[in-house]
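**Student:** So that you can map any letter, position 95 of the sequence shown is 160 in my numbering, and since no number is skipped, the others follow by simple counting.
Quick reminder that beta carbons are idealized off the backbone N, C-alpha and C, glycines included.
None of the values given here were measured: they were computed from a predicted structure.
Below is one structure. I have some questions about it.
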Amino acid sequence: MKLIKLVVLASLFLFAACTKNDHTIDFTFLQLNDVYEIAPIQGGEFGGMARVETVHQALLKENPNTMLFMAGDFLNPSLLGTLKVAGERVRGRQMVAVMNAMNFDLVAFGNHEFDVSKEDLQKRLNESTFPWITANAKLKTKTATRPFYKEIGGEQQAVHETFIKTFSDADGTKIKVGFISVCIPSNPKEFVEYENMFVTAKASYAALKDEVDVVFGLTHVKLANDKRIAKLIPNVPLIMGGHEHANSTNFVGNVQISKADANAKTVYIHRISFDKKTKKTTIISELKEINSAIKEDEKVGEIVNKWQKILTSKIKEIVKNPAEIIYKTAVPLDGRDTPIRSIQTNLGQVITEAMSYAYEDEVDCALVNGGSIRIDDQLTGNITAVAIFRVLPYGGPILKVKIKGSLLKRVLDFGFLAAGTGAYLQRFNAEKIGDTWFVNHKALKGNKTYTVAFSDYLLKGFDIPFLSDTSPGVLETYTPKESDLAYDIRKAVITYLKTK
Numbered sequence: 066m067k068l069i070k071l072v073v074l075a076s077l078f079l080f081a082a083c084t085k086n087d088h089t090i091d092f093t094f095l096q097l098n099d100v101y102e103i104a105p106i107q108g109g110e111f112g113g114m115a116r117v118e119t120v121h122q123a124l125l126k127e128n129p130n131t132m133l134f135m136a137g138d139f140l141n142p143s144l145l146g147t148l149k150v151a152g153e154r155v156r157g158r159q160m161v162a163v164m165n166a167m168n169f170d171l172v173a174f175g176n177h178e179f180d181v182s183k184e185d186l187q188k189r190l191n192e193s194t195f196p197w198i199t200a201n202a203k204l205k206t207k208t209a210t211r212p213f214y215k216e217i218g219g220e221q222q223a224v225h226e227t228f229i230k231t232f233s234d235a236d237g238t239k240i241k242v243g244f245i246s247v248c249i250p251s252n253p254k255e256f257v258e259y260e261n262m263f264v265t266a267k268a269s270y271a272a273l274k275d276e277v278d279v280v281f282g283l284t285h286v287k288l289a290n291d292k293r294i295a296k297l298i299p300n301v302p303l304i305m306g307g308h309e310h311a312n313s314t315n316f317v318g319n320v321q322i323s324k325a326d327a328n329a330k331t332v333y334i335h336r337i338s339f340d341k342k343t344k345k346t347t348i349i350s351e352l353k354e355i356n357s358a359i360k361e362d363e364k365v366g367e368i369v370n371k372w373q374k375i376l377t378s379k380i381k382e383i384v385k386n387p388a389e390i391i392y393k394t395a396v397p398l399d400g401r402d403t404p405i406r407s408i409q410t411n412l413g414q415v416i417t418e419a420m421s422y423a424y425e426d427e428v429d430c431a432l433v434n435g436g437s438i439r440i441d442d443q444l445t446g447n448i449t450a451v452a453i454f455r456v457l458p459y460g461g462p463i464l465k466v467k468i469k470g471s472l473l474k475r476v477l478d479f480g481f482l483a484a485g486t487g488a489y490l491q492r493f494n495a496e497k498i499g500d501t502w503f504v505n506h507k508a509l510k511g512n513k514t515y516t517v518a519f520s521d522y523l524l525k526g527f528d529i530p531f532l533s534d535t536s537p538g539v540l541e542t543y544t545p546k547e548s549d550l551a552y553d554i555r556k557a558v559i560t561y562l563k564t565k
């Protein structure tokens, strides 16, 4: 009997020793960024939020101290978002519904959240059950500037400028983890005021650092901006970023900056260990491909399928036969983000040729900004009508513009130097050889007037600030009528491909 008691006491002592607070705690971050499609892409091979949720649930089983993040850009653009349901444009409602079901832990504003109207953004904020964060993007009203907010039950809850999460583990270790966030000021809107992202990032960290054990970044800015933030705040061990659409991990001193691929083709899994005594953070990061080998989560899959059925039904109101095969290609048409924003691609060539075709080729050249092409995919084999709507979800008319050669040269130079950004120009009949631009196979002359087919976005002064329909050098702008082929760039591409 005494022997049994001694064994029990020894076991209890051993258990107590094993569960003693060791001042170290493990937690996991699951990072997504720039997700516009809730369903799988590239013929179903990659992406899909229901697959991401399967990964999320597995991580929660591995460690309950797991957080799911979106580093900005999810409300727009998407083909679904352009459709009307019950008389209203969807405008990201499908994404919020899916993200609510996935129980996102924290979501940053990206520049494309401000593509939607103030009213639609407010609806999405109110619908969301997850917390949002931004320090530098503020709501601008007629009388003041204030944080964005959710309105729930008649009460306004301000969007977080900083965020704190408490973790604890089985042995009693407990820590507070802080988050800061800034958004790139690249999408000017009347209802948005952007404060300096570097000043606000530094101020957010200063306000938070004494309240928590460690601070992380959740940003939506250019990589160069993230690197500058890392220099300003060298004690942040990890910045989870968005905006670039292509996966990368960079280090500035001890600060890790990680970005996943757009549309959940990949996600980043950061397994983190923090020692309260030494204040040391250890991070092991895994870039995980989301592909067809991952089973879809049933609950999230049901929501995705519901919205996909709506898409199939509603798209027929725009295209009579969205599943119609309009073109067959043996060579993939490249609409991936990095190439389409950096080099002339065959898909960019097709789109700009179609723009010229829409005006019966009575233009000297055609130009579209790479950022308007949003498929982030390669079109292979049988191409359907609905695929073109995915390529160009914004739609919009093709404008026929008479423009001075001197201004056209500035536009072409600007687009050429903007490689790597959405302002890069995909072109038809405009080619640079050495230092000389050739338009319609002849050297561009500054004193000559040219007729150019432009995507309407380019004449709004966003990507190319000195180009608008009122710019000196823009002599005449023709806006197509609804009956014209050029009225919708997507229909122009579809019609053009049918002739090939």
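Would you please state the rounded distance, in angstroms, between the beta carbons of Phe111 and Asn356? I believe it to be under 8 angstroms.
**Tutor:** Numbered from 1 along the sequence shown, position 46 holds the residue referred to as residue 111. Numbered from 1 along the sequence shown, position 291 holds the residue referred to as residue 356. Between Asn356 and Phe111 the Cβ distance is about 5 angstroms, and since that is below 8 angstroms, they are a contact.
**Student:** Throw me the rounded Cβ distance for the Val224 and Ile249 pair, which I believe falls under 8 angstroms.
**Tutor:** Position 159 of the sequence shown holds residue 224. Position 184 of the sequence shown holds residue 249. Their Cβ separation, rounded to whole angstroms, is 17 angstroms, which puts Val224 and Ile249 out of contact at 8 angstroms.
**Student:** In terms of residues, what are the limits of the beta strand (DSSP E) holding Thr206?
**Tutor:** On the sequence shown, residue 206 is found 141 positions in, with the first residue counted as 1. Run containing Thr206: none; DSSP gives neither H nor E here.
**Student:** List, from N- to C-terminal side, the beta strand (DSSP E) runs of 3 residues or more that fit wholly inside the region 248-317.
**Tutor:** Here the runs fully enclosed are 257-259, 279-285, 303-307 and 313-317.
**Student:** Are Asn117 and Ala358 close, meaning C-beta to C-beta below 8 angstroms?
**Tutor:** Position 52 of the sequence shown, counting from 1, holds the residue named residue 117. Position 293 of the sequence shown, counting from 1, holds the residue named residue 358. According to the sequence displayed, residue 117 carries Val and not Asn. No.
**Student:** Assuming Gly175 and His308 make a contact with CB atoms under 8 angstroms, what is their CB distance in whole Å?
**Tutor:** As a first step, residue 175 must be located in the sequence shown, where it is residue number 110. As a first step, residue 308 must be located in the sequence shown, where it is residue number 243. The pair is a contact, with the Cβ atoms about 7 angstroms apart (cut-off 8 angstroms).
**Student:** Rounded to whole angstroms, what's the CA-CA distance from His88 to Leu477? Just pull it up for me.
**Tutor:** The residue given as residue 88 occupies position 23 in the sequence shown. The residue given as residue 477 occupies position 412 in the sequence shown. So the two alpha carbons sit approximately 59 angstroms from each other.
**Student:** Give me the residue from Val301, Thr147 and Arg401 with the minimum Cα distance to Phe316.
**Tutor:** On the sequence shown, residue 316 is found 251 positions in, with the first residue counted as 1. Considering only alpha carbons, the answer is Val301.
**Student:** So, with DSSP's three-state summary, where would you put Gly157?
**Tutor:** Mapped onto the sequence shown, residue 157 falls at position 92. Of the three classes helix, strand and coil, the one that applies to Gly157 here is coil, per DSSP.
**Student:** Quick check on Gln107: does DSSP put it in helix, strand or coil?
**Tutor:** As a working note, residue 107 is residue 42 in the sequence shown. In this structure, Gln107 counts as coil in the three-state DSSP scheme.
**Student:** Within its chain, find whatever has a CB closer than 7 angstroms to the CB of Gly487; leave out the 5 residues flanking it on each side and keep chain order.
**Tutor:** Locating residue 487 in the sequence shown gives position 422, where the first residue counts as 1. Closer than 7 angstroms at the Cβ level, and outside the excluded window around Gly487, lie Arg406, Asn434, Gly435, Gly436 and Asp528.
**Student:** In the DSSP assignment, what are the bridge partners of Phe493?
**Tutor:** Sequence index remark: in the sequence shown, residue 493 carries index 428 (1-based). Its beta-bridge partners are Ala431.
**Student:** Return the chain-ordered list of same chain residues with a C-beta closer than 8 angstroms to the C-beta of Ile380, the five sequence neighbours on each side being excluded.
**Tutor:** Locating residue 380 in the sequence shown gives position 315, where the first residue counts as 1. Only Leu144, Leu148, Pro387, Val451 and Phe454 meet the Cβ criterion.
**Student:** What are the partner residues of Phe244, as DSSP defines its beta bridges?
**Tutor:** Counting from one through the sequence shown, the residue named residue 244 turns up at place 179. Phe244 is bridged to Phe228 and Phe281.
**Student:** Below 8 angstroms on the Cβ atoms is my contact criterion, and I expect Val517 with Asp429 to pass it. Report the Cβ-Cβ distance as a whole number of Å.
**Tutor:** Counting from one through the sequence shown, the residue named residue 517 turns up at place 452. Counting from one through the sequence shown, the residue named residue 429 turns up at place 364. Val517 to Asp429, Cβ: 6 angstroms. Contact.
**Student:** Whose C-beta lies closer than 8 angstroms to the C-beta of Leu562 among residues of the same chain, with five residues either side of it excluded?
**Tutor:** Within the sequence shown, the letter at position 497 stands for residue 562. Closer than 8 angstroms at the Cβ level, and outside the excluded window around Leu562, lie Ile391, Tyr392, Val415, Ala419, Ile448 and Ile453.
**Student:** What does DSSP give as the partner residue(s) for His335 in the beta ladder?
**Tutor:** Along the sequence shown, read from residue 1 onward, the residue named residue 335 stands at position 270. DSSP, once it has assigned bridges, lists Phe94 and Ser350 as partnering His335.
**Student:** Determine the direct distance from the alpha carbon of Ala484 to that of Val155, and round the result to whole angstroms.
**Tutor:** In the sequence shown, residue 155 corresponds to position 90, counting from 1. In the sequence shown, residue 484 corresponds to position 419, counting from 1. In a straight line, the C-alpha of Val155 is about 32 angstroms away from that of Ala484.
**Student:** Mapping the DSSP letters down to three states, classify Leu444 as helix, strand or coil.
**Tutor:** The residue you call residue 444 lines up with position 379 of the sequence shown. Here Leu444 sits in strand by DSSP.
**Student:** Going by DSSP, name the residue or residues bridged to Glu541.
**Tutor:** Sequence index remark: in the sequence shown, residue 541 carries index 476 (1-based). DSSP, once it has assigned bridges, lists Lys467 as partnering Glu541.
**Student:** Residues in its own chain within less than 8 angstroms of Ser533 by CB, not counting five upstream and five downstream?
**Tutor:** Numbered from its first residue, the sequence shown carries residue 533 at position 468. Cβ neighbours of Ser533 beyond the five flanking positions: Leu524, Lys525, Gly526 and Val539.
**Student:** Roughly how many whole angstroms lie between the Cα atoms of Asn512 and Glu153?
**Tutor:** Start at 1 with the first residue of the sequence shown, and residue 512 comes out as number 447. Start at 1 with the first residue of the sequence shown, and residue 153 comes out as number 88. If you take the alpha carbons of Asn512 and Glu153, they lie about 48 angstroms apart.
**Student:** Given that a residue counts as buried once 16 or more other Cβ atoms are within 10 Å of its Cβ, and exposed if not, what is Ser338?
**Tutor:** Walking along the sequence shown from the start, residue 338 turns up at place 273. Per the 10 Å Cβ criterion, exposed.
**Student:** Going by Cα to Cα distance, which pick from Leu490, Gln443 and Ala423 is closest to Lys556?
**Tutor:** As a working mapping, residue 556 is identified with position 491 in the sequence shown. Among Leu490, Gln443 and Ala423, the Cα nearest to that of Lys556 is on Ala423.
**Student:** By the three-class DSSP mapping on this structure, what secondary structure does Ala519 have?
**Tutor:** Start at 1 with the first residue of the sequence shown, and residue 519 comes out as number 454. The identity of residue 519 in the sequence shown is Phe, whereas the question assumes Ala. Phe519: strand per DSSP, three-state reduction.
**Student:** With a threshold of 6 angstroms on Cβ separation, who are the neighbours of Leu472 within its own chain once the five nearest residues in sequence on each side are excluded?
**Tutor:** For the purposes of this step, residue 472 is identified with residue 407 of the sequence shown, where counting begins at 1. Once the five neighbours on either side are set aside, the close Cβ partners of Leu472 are Gly538.
**Student:** Give the single residue among Asp402, Asp91, Phe503 and Arg492 whose Cα lies nearest to the Cα of Phe232.
**Tutor:** For the purposes of this step, residue 232 is taken as residue 167 along the sequence shown, with counting starting at 1. Of Asp402, Asp91, Phe503 and Arg492, the residue nearest in Cα terms is Asp91.
**Student:** To which residues of the same chain is Ser193 closer than 6 angstroms at the C-beta, ignoring the five residues directly before and after it?
**Tutor:** Counted from its first residue, the sequence shown places residue 193 at position 128. Once the five neighbours on either side are set aside, the close Cβ partners of Ser193 are Val161.
**Student:** If we call anything under 8 angstroms between Cβ atoms a contact, is Ile103 one with Val163?
**Tutor:** Residue 103 sits at position 38 when you count from the first residue of the sequence shown. Residue 163 sits at position 98 when you count from the first residue of the sequence shown. Going by C-beta atoms, Ile103 is nearer than 8 angstroms to Val163.
**Student:** Pull up the distance between the alpha-carbon of Phe213 and that of Ile294, whole angstroms please.
**Tutor:** In the sequence shown, the residue the question calls residue 213 occupies position 148. In the sequence shown, the residue the question calls residue 294 occupies position 229. So the alpha carbons of these two residues sit roughly 23 angstroms apart.
**Student:** Tell me where the beta strand (DSSP E) around Leu133 begins and ends.
**Tutor:** What you label residue 133 is simply residue 68 of the sequence shown in a count that begins at 1. That run of the beta strand (DSSP E) goes Thr131 to Met135.
**Student:** Locate the beta strand (DSSP E) running through Ile391, then write down its first and last residues.
**Tutor:** Locating residue 391 in the sequence shown gives position 326, where the first residue counts as 1. It spans Ile390 to Asp399 - the beta strand (DSSP E) in which Ile391 sits, taken as one unbroken run.
**Student:** Skipping 5 residues on each side, what residues in its chain have a beta carbon closer than 8 angstroms to that of Gln409?
**Tutor:** In the sequence shown, residue 409 corresponds to position 344, counting from 1. Excluding sequence neighbours, Gln409 sits near Gln491 and Arg492.
**Student:** Identify the continuous beta strand (DSSP E) that holds Leu186 and give its terminal residues.
**Tutor:** The residue given as residue 186 occupies position 121 in the sequence shown. Leu186 -> not in any beta strand (DSSP E); alpha helix (DSSP H) instead, spanning Lys183 to Glu192.
**Student:** Within 10 angstroms of its Cβ, does Phe531 collect 16 or more other Cβ (buried), or is it exposed?
**Tutor:** Counting from 1 along the sequence shown, the entry for residue 531 is found at position 466. So Phe531 counts as exposed.
**Student:** Determine the contact status of Gly461 and Ser520, defining contact as a CB-CB distance below 8 angstroms.
**Tutor:** Stepping through the sequence shown from its first residue, residue 461 is reached at position 396. Stepping through the sequence shown from its first residue, residue 520 is reached at position 455. Yes; because the gap between Cβ atoms is below 8 angstroms, this pair is in contact.
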